[in-house]
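For the sequence shown, the working numbering begins at 164 and goes up steadily by one.
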Amino acid sequence: MSARTLTAVVWDFDGTLVDSRRRNYNVVRRIMAEVAQRPLDSFPALRDWSVYDQVNRSYANWRDLYAREFGFSEEETDRVGRMWTRYQMEDDTVAPVFDGVATVLAALAFVPHGIVSMNGRHQIARSLREANLQDRFRHIVGWEDVDIRRQKPAPDGLLDCLRALTACAPGMMLYLGDHQTDIRCAHNARAALAETDTPVEIVTVAVSFTGSMEFDNWPHRPDYAARHPHDVIEVARRLHEAA
164 MSARTLTAVV
174 WDFDGTLVDS
184 RRRNYNVVRR
194 IMAEVAQRPL
204 DSFPALRDWS
214 VYDQVNRSYA
224 NWRDLYAREF
234 GFSEEETDRV
244 GRMWTRYQME
254 DDTVAPVFDG
264 VATVLAALAF
274 VPHGIVSMNG
284 RHQIARSLRE
294 ANLQDRFRHI
304 VGWEDVDIRR
314 QKPAPDGLLD
324 CLRALTACAP
334 GMMLYLGDHQ
344 TDIRCAHNAR
354 AALAETDTPV
364 EIVTVAVSFT
374 GSMEFDNWPH
384 RPDYAARHPH
394 DVIEVARRLH
404 EAA
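Okay, here's the thing in structure tokens:
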């Protein structure tokens, strides 16, 4: 098998497979109402879902957000992480799968697909069942499957998914994500694979299915960008032709 053969596609979940901006905002407000020591409206990031989305994207990951935006300690941030899945499961805000994702999954069904997310595995599975896409994904890594302090951008979850999908067989994996944390995670996974001379190439695709994306300030640039899910098919086709 060529080292350039596509062997797997791994997706982030929130903002990549589903538009969960409103649901995540509602969940964050519920959690903060329980744990914050001051009124919610005193946090500028919590005044509107679109503001929260922009603020969230400016931080490296959710732990960075809670520490720097909300002033939480490590222990308080750990507590919030443990609360997240329960509150998500209780929330019924619709988080639709992006139009075109099902087409991508069908077009690239010749390789296994996985999900690596800082969302809860059970919440992800529920969303996939509601969209009738549960059979499209061979492996799901949620936040509870990774040490709470080894979430993205640490590579642990991505490497776990890669091992489950391909046993790290030689080849090329596409990793799709909408946040700088996803691209940093892939960068760290590449470094880990290089240390063990594992012949797997990770190709990153930064997706922006909800609007414009600027990654000039990201610490690591993606290999490709996708404004619509169909662009992912074009990236895979281009890589296949170059193999």
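C-beta: ideal position from N, C-alpha, C; glycine also.
Where the beta strand (DSSP E) containing residue i begins and where it ends
i, result
"M335", "334–340"
"W381", "Unbroken run through W381: none, as it is neither H nor E."
"A388", "387–389"
"V218", "No beta strand (DSSP E) contains V218, which is instead part of the alpha helix (DSSP H) from 212–220."
"L203", "Premise fails: L203 is in no beta strand (DSSP E) and is neither H nor E."
"T170", "169–174"
"V260", "Here V260 belongs to no beta strand (DSSP E), and DSSP marks it neither H nor E."
"G283", "Segment: none, G283 is in no beta strand (DSSP E) and carries neither H nor E."
First and last residue of the uninterrupted alpha helix (DSSP H) at residue i
i, result
"G244", "237–253"
"T266", "264–270"
"V190", "184–198"
"A230", "225–231"
Residue i and residue j closer than 9 Å at C-beta
i, j, result
"N351", "M281", "no"
"L328", "T179", "no"
"R299", "A272", "yes"
"I303", "A288", "yes"
"Q251", "V214", "no"
"P259", "V181", "yes"
"C244", "R220", "Correcting the residue identity first, residue 244 is Gly in this sequence and not Cys. Their beta carbons are not under 9 Å apart, which means G244 does not touch R220 by this criterion."
"D386", "I311", "no"
"G277", "T168", "no"
"V398", "L337", "yes"
"N187", "D175", "no"
Residue from the options whose Cα sits closest to the Cα of residue i
i, options, result
"I346", "A330, P362, N380, D360", "N380"
"V407", "T367, L209, H383, R384", "The chain is shown only over 164 to 406; residue 407 falls outside these bounds and no answer can be derived."
"E307", "V279, N295, L325, D386", "V279"
"Q217", "E232, D204, S205, L203", "E232"
"V172", "F206, Y229, D204, V267", "V267"
"A349", "A330, D319, C331, R326", "D319"
"S290", "F206, R400, D254", "D254"
"T248", "R210, I194, N295", "I194"
"V309", "N295, C324, L296, Q297", "C324"
"D211", "L228, R185, A270", "R185"
"H383", "R353, E358, S205", "R353"
"F206", "N187, Y229, G283", "Y229"
"A355", "A369, V370, C331, S371", "C331"
"Y222", "A369, K315, A357, E358", "K315"
"R284", "G305, N187, L296", "G305"
"R313", "E293, T359, E237, R326", "E237"
"S183", "H403, L296, T359, T256", "T256"
9 Å Cβ cutoff, residue i in contact with chain D
i, result
"G178", "Of the protein chains in the structure, only one exists, and it is not chain D."
### Task
Take every Cβ of the segment 373–387, pair it with every Cβ of the segment 338–347, and state whether three or more of those distances are shorter than 8 Å.
yes
### Query
Any contact of the segment 188–201 with the segment 352–370, i.e. 3+ C-beta pairs under 8 Å?
no
### Task
Answer yes if the segment 390–398 comes into contact with the segment 253–265, meaning at least three C-beta pairs across the two stretches below 8 Å, and no otherwise.
yes
### Query
Which residue spans inside the segment 290–368 form an unbroken beta strand (DSSP E) run of at least 3?
302–304, 334–340
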